[in-house]
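Note that our numbering has the sequence shown beginning at 29, numbered continuously upward. Take a look at the structure below.
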Amino acid sequence: MQNLRLSRLGLQSPKVFSNALTWSLTIDSIVIPFDRLANIRVSSSFSGLGISGVCRQVLTADIMLDGESFSQGAKCVLSDSDGKFKFPDFYINTRRKKGNVLSISAIDRTVYLGQIFDYKNVNFEEDNRYGLNDGEVAEDAVVLISSVMSAIATQCGFSGISYSDGAVTKFPYSYIKGKSCQQLAESVSAMLCGLWCCDSENSLVFRRWSSPDSVLTALAASEIVTSSEKGPITRVVATNSITKSTFDTLGSADFMEILKVSADYLTEAQASAVLSAYSGKMFYGWSAKAELDAVAELGGTFDGYPIGRYTMVPHWGGLGAELGAADFSESEFDFIGEISAKLSQKLGLCEIMGNVTVSSDGLELVGRYD
Numbered sequence: 029m030q031n032l033r034l035s036r037l038g039l040q041s042p043k044v045f046s047n048a049l050t051w052s053l054t055i056d057s058i059v060i061p062f063d064r065l066a067n068i069r070v071s072s073s074f075s076g077l078g079i080s081g082v083c084r085q086v087l088t089a090d091i092m093l094d095g096e097s098f099s100q101g102a103k104c105v106l107s108d109s110d111g112k113f114k115f116p117d118f119y120i121n122t123r124r125k126k127g128n129v130l131s132i133s134a135i136d137r138t139v140y141l142g143q144i145f146d147y148k149n150v151n152f153e154e155d156n157r158y159g160l161n162d163g164e165v166a167e168d169a170v171v172l173i174s175s176v177m178s179a180i181a182t183q184c185g186f187s188g189i190s191y192s193d194g195a196v197t198k199f200p201y202s203y204i205k206g207k208s209c210q211q212l213a214e215s216v217s218a219m220l221c222g223l224w225c226c227d228s229e230n231s232l233v234f235r236r237w238s239s240p241d242s243v244l245t246a247l248a249a250s251e252i253v254t255s256s257e258k259g260p261i262t263r264v265v266a267t268n269s270i271t272k273s274t275f276d277t278l279g280s281a282d283f284m285e286i287l288k289v290s291a292d293y294l295t296e297a298q299a300s301a302v303l304s305a306y307s308g309k310m311f312y313g314w315s316a317k318a319e320l321d322a323v324a325e326l327g328g329t330f331d332g333y334p335i336g337r338y339t340m341v342p343h344w345g346g347l348g349a350e351l352g353a354a355d356f357s358e359s360e361f362d363f364i365g366e367i368s369a370k371l372s373q374k375l376g377l378c379e380i381m382g383n384v385t386v387s388s389d390g391l392e393l394v395g396r397y398d
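So, in structure tokens, the structure goes:
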């Protein structure tokens, strides 16, 4: 790709573009033209290797007010004059006013995931749904994960959901009871080894960078600068964080080729499914600047590199961006394998029983005389 210098990104003036594309921000149905907007950014990122969590897109902007006022949590719609770039809806999360300038930060619909999950609309296995009292849900009742995620999408106002079951398809009712939608979504993402995002259609979607849904293209871009890499993935070491059981698919002894995951209700079958999804894949820490031809998405790729972060900057004539994925580091002692993990568990039990103590000087055996 040819090098390009964009304003605000340290590259060439946007006057190189001959089209007349411009932008506006609609808040509470009030249209704010581009000449009254400054410092507009749409950003998102995931941490580490991006194999668990919920990722939020954040819109920030400074608005020169002309007598407008906006409701609490007002919906914001960022749009271009050509209808070329499609963003999700955003909702004001914080605002700061100085004189006639209002600075806002708004989040996509994932902001609504903080509410407690209402389990009334999930599908139970009927043979063990009810407890001793009529209408009471039994503590050992089982719910379908797909039904839980669909109910979360509906409860939080998403337009739909894109999700496929993994090897683990059920949760006990006692697990979902009292948890927030966010907590449950994070649990599912950790088990399936991917991310939940809100797409441009305001749908809740599950993504893995190992199998990207989108390939981002650019009108022009700077050279990609890589800073770290991991892979190719040949082995998965998975830990069930409830039972502390460890499942090792075996393979390379090189920790740079091992993907370590931990989640509630992980099974050996799910560990194998994760290996199947990530086998042979490479992850890079990298950065680049570009003039985009479409909106960036986490979990997509750019020139073959997984997108782990972006900041998109609307400007006269188009959409500039800083793209990349953050550097990451891992402790080599996290890849100790099943035998050492079990040894650590036994040492922990010994410490509780008073047979061993761990201090800054290391491990010490403690004599027992009772």
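Backbone N, C-alpha and C define an ideal beta-carbon position, used for all residues, glycine too. Just so it is clear, the structure is predicted and the values come from calculations on it, not from any experiment.
Enumerate in chain order the residues of its own chain whose CB-to-CB distance from residue i is below 7 Å, with the five nearest sequence positions on each side excluded.
i, result
"residue 142", "208 and 210"
"residue 238", "305, 306 and 309"
"residue 140", "184 and 185"
"residue 187", "229, 230 and 231"
"residue 128", "92 and 93"
"residue 101", "119 and 120"
"residue 297", "195"
"residue 420", "Here the chain comprises residues numbered 29 to 398, so residue 420 is not present and cannot be evaluated."
"residue 204", "145, 147, 171, 176 and 212"
"residue 76", "356"
Count the other CB atoms within 10 Å of the CB of residue i; is the residue buried (16 or more) or exposed (fewer)?
i, result
"residue 58", "exposed"
"residue 263", "buried"
"residue 229", "exposed"
"residue 214", "buried"
"residue 355", "exposed"
"residue 253", "exposed"
"residue 251", "exposed"
Using only CA atoms, which one of the options lies nearest to residue i?
i, options, result
"residue 351", "266, 246 and 136", "246"
"residue 106", "122, 124, 86 and 100", "86"
"residue 21", "223, 321 and 273", "This structure cannot settle anything about residue 21, because the visible part of the chain is limited to 29 through 398."
"residue 181", "201, 199 and 234", "234"
"residue 118", "110, 125, 104 and 215", "104"
"residue 302", "241, 278 and 356", "278"
"residue 110", "69, 345 and 201", "345"
"residue 48", "343, 357, 358 and 353", "343"
"residue 326", "290, 256 and 71", "71"
"residue 333", "358, 294, 83 and 258", "258"
"residue 69", "199, 198 and 53", "53"
"residue 331", "290, 288 and 248", "248"
"residue 353", "174, 256, 126 and 197", "256"
Between the C-alpha atoms of residue i and residue j, what's the straight-line distance to the nearest angstrom?
i, j, result
"residue 433", "residue 78", "Examination of residue 433 is not possible in this model, given that the chain is present from 29 through 398 alone."
"residue 161", "residue 189", "With a pLDDT of only 43 at residue 161, under the threshold of 50, the placement of this residue in the model should not be trusted; the figure read from the coordinates follows. Rounded to whole angstroms, residue 161 to residue 189 spans 34 Å at the Cα level."
"residue 335", "residue 80", "15 Å"
"residue 311", "residue 137", "28 Å"
"residue 67", "residue 133", "11 Å"
"residue 349", "residue 88", "14 Å"
"residue 193", "residue 236", "14 Å"
"residue 260", "residue 166", "45 Å"
"residue 295", "residue 275", "7 Å"
"residue 357", "residue 83", "20 Å"
"residue 290", "residue 123", "37 Å"
"residue 73", "residue 126", "29 Å"
"residue 288", "residue 200", "25 Å"
Which same chain residues, not among the five before or five after residue i, have their C-beta less than 8 Å away from its C-beta?
i, result
"residue 347", "108, 113, 319, 320, 323, 340 and 341"
"residue 179", "145, 146, 147, 149 and 150"
"residue 116", "85, 136, 137, 226, 227, 228, 229 and 230"
"residue 198", "153, 170, 171, 172 and 173"
"residue 206", "144"
Closer than 6 Å by C-beta to residue i: which residues in its own chain qualify, once you throw out the five before and the five after it? Chain order, please.
i, result
"residue 99", "56"
"residue 152", "169 and 171"
"residue 328", "240, 242, 244 and 335"
"residue 64", "92"
"residue 292", "215, 269 and 270"
"residue 191", "177 and 234"
"residue 90", "66, 67, 129 and 131"
Taking 8 Å as the CB-CB limit, is residue i close to chain D?
i, result
"residue 329", "The structure shown contains no chain D; it is built from a single protein chain."
Any contact of the stretch 60-69 with the stretch 89-100, i.e. 3+ C-beta pairs under 8 Å?
-> With the cut-off at 8 Å, the stretch 60-69 and the stretch 89-100 touch.
Are three or more beta carbon pairs between the stretch 272-284 and the stretch 214-227 nearer than 8 Å?
-> no
Okay, do the stretch 308-328 and the stretch 265-274 touch, 3+ Cβ pairs below 8 Å being the bar?
-> no
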